[in-house]
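Quick note, the sequences are listed as chains A and B, same order. Sequential numbering from 1449 applies to the first sequence in the working numbering. Sequential numbering from 72 applies to the second sequence in the working numbering. The C-beta atom is built at its ideal place from N, Cα and C for all residues, glycine as well. Single-structure report; data block below.
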Amino acid sequence: MIDTLKPLLEVRNLKKHFPIRRGLLKRTAGYVRAVDDVSFFIMPGETLGLVGESGCGKTTAGRCLLRLIEPTAGEILFGESQDSRPIDVTKLDMASLKSYRRNIQIIFQDPYSSLDPRMSVADIVSEPLRIHKVASGSELEDRVANLLKSVGLQAAHLRRYPHSFSGGQRQRIGIARALALGPKMIVCDEPVSALDVSVQAQVLNVLEDLQDQFGLTYLFISHDLNVVDHISDRVAVMYVGKMVELARTTELFEHPLHPYTEALISALPQPDPRKKRDRILLTGDVANPADPPSGCYFHPRCRYAQDICNTEAPSWREIIPGHFAACHFAGEINLRPLSKPLIMKG
Amino acid sequence: MIPIQPVSQDDQMVIEVKDLAVHFAVFQGRVPAVNGVSFTIERGKTLGVVGESGCGKSVTGLSIMHLLPTPPAELVGGEIIFHRLSTGEVIDITKLSPQSAEMRSIRGNDIAMIFQEPMTSMTPAYTIGEQIMEAVILHQKVNKREARQRAVEMLDRVGMPQPGRNVDSYPHQLSGGMLQRAMIAAALSCQPSLLIADEPTTALDVTTAAQILDLMGQLQDEMGMAIMHVSHNLGVVAEVANEVAVMYLGRIVERSSVDDLFYNPKHPYTRGLMHSIPQIGQRQRLEPIRGVVPEPDAIPKGCAFAPRCPLFSPATCPPIVPPSVTVGPGHEVLCYRYDS
């Protein structure tokens, strides 16, 4: 059913290279390849999880989708409806970019620094509506009140300032702000990482309810595999600026095709003391994106590495329908799936 | 390699905390950060301490180190009995002055601590070698050259690549994972009998965290120290702890063996936490604990969890702090309705 649809957003060969400037004249001494030739698509109403360790480029990739960071190269194709021709976001002028951003919004990781402490909740949530001249006067007030209600806050909170809210409530304010313009898609950049366990669950439920209610599409960026598994339809894994694997969520955990995914899955701490610990411990550190290793970026830490991995970068291939990986030996080596916890809730 | 002192004494107890109470003086009055906390840890064992922000888990750790600033902190009551292996004495830490020679000879030597953020816990102005050597020179009667040698050995032991070179690295030159290894090296350089680890892997990536947990387990097997491992991550606790204390607003609301806690949780807060975490392979809707942790100046009377508790009823839960009930061997719970 989903196969006959066109993607809401398609990213082709996206690159973002940050120049490293040195010396008095600020000459460019090299580049940090934060996002290096990444391609993926997101279907309408879908949640695509994007996982990876710090510095892998997942946040940069997310921000490029809104052009909060200008991509170095590549295409970002956004299809506003199934009938219209998709637009290339990277080529939009400032005026069209502004109207594009009505369709795509972002929720940030840190609920403390992402809300202006000098603005009241009403100002924060109504700002997008005022900027885009969508509503004014009593209509504006009604819409803001409804937005707060939809994220589980009360109208009584309108005149308060961010400092009087807890982390979870602040994150709800951030979600209300992202929802204000009725976007089709929201980039959720680690939206629950800064929250306590019990509050994290509340915010995840709010995000799921809103998706059902408004048919939202999410790019859900997180380093927490438990959360990503819970919320995503498909999951993409990034390592040092490159995408290494992408598949449907259960497929990724049950049949990983990239050794890095295998290691991530096995490193996951699971809340079950009776489970035997059997982790694949990676040696060394994540590679430096300013000076990545030759060939496959993962090869110095990979336990299956062969000579070819040192010399040749693997290509991004569809190994089985809908399951992509960038590994010379994808599908040829038998990788360990997730071993599920023994405890079942209930 | 550093010689390891053979553990010969019969006394297995390392620390006994009894009814510890620490209050903080704030503008609005006094806030009970820790309110009657009791636990013990034996040699070679790990106590996992779980709870959300503000539950008092870090304050408990800092009290044992005698590192809380007074004021605003004030030790209101309780004892912290430390069985000092190096001298064979049994000492109540709360009776010592934080600056006393005795406390200073314990801190960093017999009891050491590692912190959540390696990037902010090490001083940027000194090399990691100098920071490891500081404790060694202070506590062990060695000269600078021997101390340096020891720092290199310790770095090697915690898996630092090229320890002879990295001993002269400054913190900014190392990654988070490597810095956490350096901090563990500094903490363990004097072979403490108690290690307090306050969220040691929270700021690290998944694969790096796995390396650090593995390393801590290995070093504990070798050195036999007791560990108090503070974490909000139930997955980490399930893996490292022998015994677990669940804290809520300054009290331990449930304490049991790790197996009992996960397979037979009694306190509604413990159960709530378990239902709140997304578990891999299970996609049903999460059941969060309702509401939020109250502000420290608005802690309810009686059971502090009552306003968020699905089992609360005025008929069964009087406004008096629930007594500790033993529900099984080594399994205690602070709840009126643990059996419903």
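Worksheet item: Under 7 Å Cβ-Cβ, which residues of chain B neighbour Pro1721 of chain A?
Response: Ala309, Val329, Asp330, Phe333
Worksheet item: What is the DSSP secondary structure of Thr1476 of chain A, reduced to helix, strand or coil?
Response: strand
Discussion item. Distance check for Val120 of chain B and Pro269 of chain B, CA to CA, integer angstroms please.
Written reply: Residue identity check: residue 269 of chain B is Asp in the sequence provided, not Pro. Whole-angstrom Cα-Cα distance: 9 Å.
Discussion item. So if I threshold CB-CB distances at 8 Å, which residues from the region 1626-1659 of chain A count as touching chain B?
Written reply: Asp1644, Val1645, Ser1646, Val1647, Gln1648, Ala1649, Gln1650, Leu1652, Asn1653, Glu1656
Worksheet item: Is the CB of Lys1506 of chain A under 9 Å away from at least one CB in chain B?
Response: no
Fill in: Closer than 9 Å to chain A by CB, Arg354 of chain B
yes
Worksheet item: Which residues of chain A have a Cβ atom closer than 8 Å to the Cβ of Asn304 of chain B, listed in chain order?
Response: Pro1717
Worksheet entry | Val1569 of chain A vs Ile1621 of chain A beta-carbon contact at 9 Å | yes
Worksheet item: Looking at chain B, which residues of the region 1582-1598 of chain A have a Cβ within less than 9 Å of any of its Cβ atoms?
Response: none
Item to complete: May I have the straight-line CA-CA distance separating Cys1757 of chain A from Glu1780 of chain A, to the nearest angstrom?
Response: 14 Å
Item to complete: Ignore the nearest five residues each way along the sequence and tell me which others in Gly1812 of chain A's own chain have a CB closer than 8 Å to its CB.
Response: Past the boundaries of the shown model lies residue 1812 of chain A; chain A is included only from 1449 to 1794, so the question cannot be answered.
Worksheet item: Mind pulling the chain B residues with CB within less than 7 Å of Ser1614 of chain A?
Response: Val363
Worksheet entry | Members of the region 255-281 of chain B that neighbour chain A once the beta carbon cut-off is set at 8 Å | Asp276, Val277, Thr278, Thr279, Ala280, Ala281
Fill in: Where Pro242 of chain B meets chain A, residues with beta-carbon distance less than 9 Å
Neighbours of Pro242 of chain B on chain A: none; closest Cβ ~15 Å, over 9 Å.
Practice prompt. Under 8 Å by Cβ, that's how I've got Thr279 of chain B and Gly248 of chain B pegged, so tell me the actual separation to the nearest angstrom.
Written response: 4 Å
Worksheet item: I think Met184 of chain B touches Ala258 of chain B, with their Cβ atoms under 8 Å apart; what is that distance to the nearest whole Å?
Response: 6 Å
Worksheet entry | chain B contact residues for His1671 of chain A, given Cβ-Cβ distances below 9 Å | Asp276, Val277
Item to complete: For the beta strand (DSSP E) containing Gln289 of chain B, list its first residue and its last residue.
Response: No beta strand (DSSP E) contains Gln289 of chain B, which is instead part of the alpha helix (DSSP H) from 277-294.
Worksheet entry | Val363 of chain B: first and last residue of the uninterrupted alpha helix (DSSP H) it sits in | No alpha helix (DSSP H) holds Val363 of chain B; DSSP gives it neither H nor E.
Item to complete: Assign Arg1618 of chain A to one of three DSSP states: helix, strand, or coil.
Response: helix
Fill in: Spatial distance of Ile391 of chain B from Asp1660 of chain A (CA atoms)
43 Å
Item to complete: In the DSSP assignment, find the alpha helix (DSSP H) that holds Gln1553 of chain A and state where it starts and stops.
Response: No alpha helix (DSSP H) contains Gln1553 of chain A, which is instead part of the beta strand (DSSP E) from 1552-1555.
Worksheet item: Between Gln350 of chain B and chain A, is there a C-beta pair that is closer than 9 Å?
Response: yes
Discussion item. If I follow the unbroken beta strand (DSSP E) through Glu1693 of chain A, where does it start and stop?
Written reply: 1690-1696
Worksheet item: Taking any Cβ of chain A, which residues in the region 100-123 of chain B have a Cβ under 7 Å from it, in chain order?
Response: Glu123
Fill in: Identity of the residues DSSP links to Met1633 of chain A by a beta bridge
A:Ile1552, A:Thr1665
Worksheet item: Is the Cβ of Ala312 of chain B closer than 9 Å to any Cβ of chain A?
Response: yes
Discussion item. Does the contact criterion of 3 or more C-beta pairs under 8 Å hold for the region 1695-1714 of chain A versus the region 1518-1525 of chain A?
Written reply: no
Fill in: Beta-carbon proximity check, Val324 of chain B vs Val315 of chain B, cutoff 9 Å
no
Discussion item. By the three-class DSSP mapping on this structure, what secondary structure does Gly148 of chain B have?
Written reply: strand
Worksheet item: Do Thr1731 of chain A and Ser1742 of chain A come within 9 Å of each other at the CB atom, strictly closer than that value?
Response: no
Worksheet entry | Supposed contact pair Cys406 of chain B and His346 of chain B - C-beta distance, whole angstroms, cut 8 Å | With 8 Å as the limit, His346 of chain B and Cys406 of chain B do not qualify as a contact, their Cβ atoms being about 16 Å apart.
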